[in-house]
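**Q**
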Amino acid sequence: MSVIKYLDRIKHMDELIRRKATGSPDKFAKKVGLSRSGLMKYIKLLKEMNAPLEYDQNRQSYYYIFPCKLKIGYET
C-alpha cells in the first residue's frame with residue numbers, strides 16, 4: 467500500500483473518531499476499508515502515537531478522551 471493511501475486512511479479514521487461516528491469496530495472497519503483485525507492494528511498504532519483514544523460501549527463509537535489534533539505533513 468502506498469504511504470499516501472495509508473496516511474489518508476489514518477486521516478479518515480481521525481475524522482470519524484472526532485465526530486464520534488465510528489460505530490462498532492466491525493462498522494468502523496467497513497467504513498475505512500479494513501478487516502476488523504486490520505482496524506485493530508491501526509488503533510494500536512494510533513495509541514502508540516499517544517492518541518487519547520477510547521471506545522464507548524454505550525455509544526458504540528471510538529472517541530478522544532480529551533481534545534487533540536492529528537498532524538501529518540509539513541508546516542511552513
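Residue numbers (the numbering used here): 467 to 542.
The C-beta atom is built at its ideal place from N, Cα and C for all residues, glycine as well.
Name the DSSP beta bridge partners of Asp522, please?
**A** DSSP output for Asp522 lists Ser527 as bridge partner(s).
**Q** Assign Tyr472 to one of two classes, buried (16 or more other C-beta atoms within 10 Å of its C-beta) or exposed (fewer than that).
**A** exposed
**Q** In the segment 479-515, which residue ranges form an unbroken alpha helix (DSSP H) of at least 4 residues, counting only runs that do not cross its ends?
**A** 491-497, 502-514
**Q** Roughly how many whole angstroms lie between the Cα atoms of Ile538 and Glu520?
**A** Whole-angstrom Cα-Cα distance: 21 Å.
**Q** When DSSP labels each residue in this structure, what does Leu536 get in the three-state scheme?
**A** Correct three-state label for Leu536: coil.
**Q** Within this structure, are the beta carbons of Ala495 and Arg502 separated by less than 8 Å?
**A** yes
**Q** Give a yes or no on whether the C-beta atoms belonging to Lys497 and Gly489 are separated by under 8 Å.
**A** yes
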